[in-house]
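Line by line, the protein sequences give chains A and B.
Quick note on numbering: the first sequence equals residues 1 to 53 in our numbering.
Quick note on numbering: the second sequence equals residues 54 to 301 in our numbering.
Where a beta carbon is used, it is the ideal one built from N, C-alpha and C, also for glycine.
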Amino acid sequence: MYWNSLSEFLAMGGYGFYVWGSFGLTFAVMTIELWLLKKRQKRVMQLVKQEAI
Amino acid sequence: MKNLATKSGFNWLKYASPKTFYPLAGKLIPWCAISAATLIAYGLYIGLLVAPTDFQQGEGYRIIFVHVPAAWFSMFLYLLMALYAGMGLVFNAKLSYLMATAIAPTGAMFTLLALVTGSLWGKPMWGAWWVWDARLTSELILLFLYIGYISLQAAIDDKTRADKASAVLALVGAINVPIIFFSVKWWNTLHQGSSISLTKAPAMAAIMLQGMLIMAIGFWLYSIAVILMRVRCEILERDSKTAMFRQD
């Protein structure tokens, strides 16, 4: 472990905004992509079921 | 072709048809997703908790662990998309076109992330969110190429024509990828040169390189999972539309 305390970890040597901003945005956008795809999958499955009737 | 398939005892060509590819993709998705989550978690652990500070850039360098993998896949996915689009044109294979279509949004997302995380890195290191340097400008063009590909496909109603037209755009745009890759060598850019190469020892500590590569493999598996999910949606949507027109 490289860090001595939690506050040191969060501060990122003064680059906190930039580091956490990059990591946060990256994983937020990836999660949104997954969520949108899940929604699309549900919609498509419903469509297929309707057509099967 | 038939001979080849029977000789190997396993018919690979079978999976070129959307109908047989669909369940195969379904089986692959959970494995890719689980390994992606594990590797990304491990990569984050190394990148944020284990790797030491950089002597030049302090803790700000840690952006590399998301920025570089995102930038790699923005380029790699474009080449893959162009390859599938090209195979679609050559073999007139529907599944190839569908794969190219499914890759585009994820590629565009990684391009946007590479640009935004790069911006967040550029501000503290260069003092500017954006500069019109060769690396940044060519990466921005890549984003426009993805957007152009997606909108061209959406703009043409006849799906067969949409596939062909957008495939041509994808292939022509592929010339931009080597330009992005070599821009730091060909021009005098503010963007730093690459830290790793095939011929020289990496210009970064082993643990940093390890964290970055693990994140990259995690992003790769994530991309496969998401692209397979999307191509399954595409297969069903196109099938249902053709079924609607067939009226049977």
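- Query: Apart from the five residues just before and just after A89 (chain B), which ones in its own chain have a Cβ nearer than 7 Å to its Cβ?
  - Reply: G271, L274, Y275 and A278
- Query: Going along chain A in order, which residues have a C-beta closer than 7 Å to the C-beta of S293 (chain B)?
  - Reply: L47, V48 and E51
- Task: Measure the C-alpha to C-alpha separation of T154 (chain B) and G160 (chain B) and round it to an integer number of angstroms.
- Result: 10 Å
- Message: Can you look up D216 (chain B) in the DSSP assignment and give me helix, strand or coil?
- Response: helix
- Message: If I measure Cβ to Cβ from A86 (chain B) and keep anything under 7 Å in the same chain, skipping five residues before and after, which residues do I get?
- Response: A278
- Message: I need the straight-line Cα distance from E290 (chain B) to T73 (chain B), nearest angstrom please.
- Response: 16 Å
- Item | Between the CA atoms of K147 (chain B) and I288 (chain B) - distance to the nearest angstrom | 9 Å
- Task: Check the DSSP bridge columns for D211 (chain B) and list the partner residues they point to.
- Result: DSSP, once it has assigned bridges, lists no residue as partnering D211 (chain B).
- Compile a chain-ordered list of the residues in the stretch 264-284 of chain B whose CB is closer than 9 Å to at least one CB of chain A. F272, Y275, A278, V279, M282 and R283
- Message: With a threshold of 6 Å on Cβ separation, who are the neighbours of I194 (chain B) within its own chain once the five nearest residues in sequence on each side are excluded?
- Response: N229
- In angstroms, rounded to a whole number, what distance separates the CA positions of A11 (chain A) and N4 (chain A)? 12 Å
- Item | Own chain residues within Cβ distance below 7 Å of K217 (chain B), not counting five before or after | L142
- Hey, out of B:K253, B:A269, B:T213 and B:V169, whose CA is closest to N99 (chain B)'s CA? Residue identity check: residue 99 (chain B) is Ile in the sequence provided, not Asn. It is B:A269 whose Cα lies nearest to the Cα of I99 (chain B).
- Just the Cα atoms here: how many angstroms apart are L196 (chain B) and V103 (chain B)? 33 Å
- Query: Would you call the CB atoms of S248 (chain B) and A256 (chain B) closer than 7 Å?
  - Reply: yes
- Which same chain residues, not among the five before or five after I200 (chain B), have their C-beta less than 8 Å away from its C-beta? A161
- Message: Along the chain, where does the alpha helix (DSSP H) containing K39 (chain A) start, and where does it finish?
- Response: G16 to A52
- Message: Against T214 (chain B), what residues of chain A qualify as contacts under a CB-to-CB distance less than 7 Å, listed in chain order?
- Response: According to the sequence shown, residue 214 (chain B) is Arg rather than Thr. Per Cβ cutoff of 7 Å: no residues; R214 (chain B) is ~23 Å from chain A at best.
- Query: Closer than 7 Å, CB to CB, is T119 (chain B) near chain A or not?
  - Reply: According to the sequence shown, residue 119 (chain B) is Val rather than Thr. Yes - at least one Cβ of chain A is within 7 Å of the one on V119 (chain B).
- Message: Let me confirm a value: Q50 (chain A) is counted as buried when at least 16 other C-beta atoms fall within 10 Å, else exposed. Which label applies?
- Response: exposed
- Query: Can you tell which of B:R115, B:P71, B:K80 and B:A69 has its C-alpha closest to the C-alpha of F17 (chain A)?
  - Reply: B:R115
- Distance between beta carbons of V169 (chain B) and L25 (chain A), contact taken as under 8 Å: 6 Å
- Item | Distance CB(L130 (chain B))-CB(I156 (chain B)) smaller than 7 Å | yes
- Item | According to DSSP, residues forming a beta bridge with G246 (chain B) | G246 (chain B) is not bridged to any residue.
- Message: Measuring alpha carbon to alpha carbon, tell me which residue in B:Q109, B:F163 and B:S250 is nearest W179 (chain B).
- Response: B:Q109
- Message: Quick check: is the beta carbon of E33 (chain A) nearer than 7 Å to any beta carbon in chain B?
- Response: yes
- Message: Just to confirm the assignment, what range does the alpha helix (DSSP H) spanning E8 (chain A) have?
- Response: L6 to A11
- Task: Check whether the Cβ of S5 (chain A) lies closer than 7 Å to any Cβ atom in chain B.
- Result: no
- Query: Of all the options B:M128, B:L173, B:P158 and B:S149, which has the alpha carbon lying nearest to the alpha carbon of P231 (chain B)?
  - Reply: B:M128
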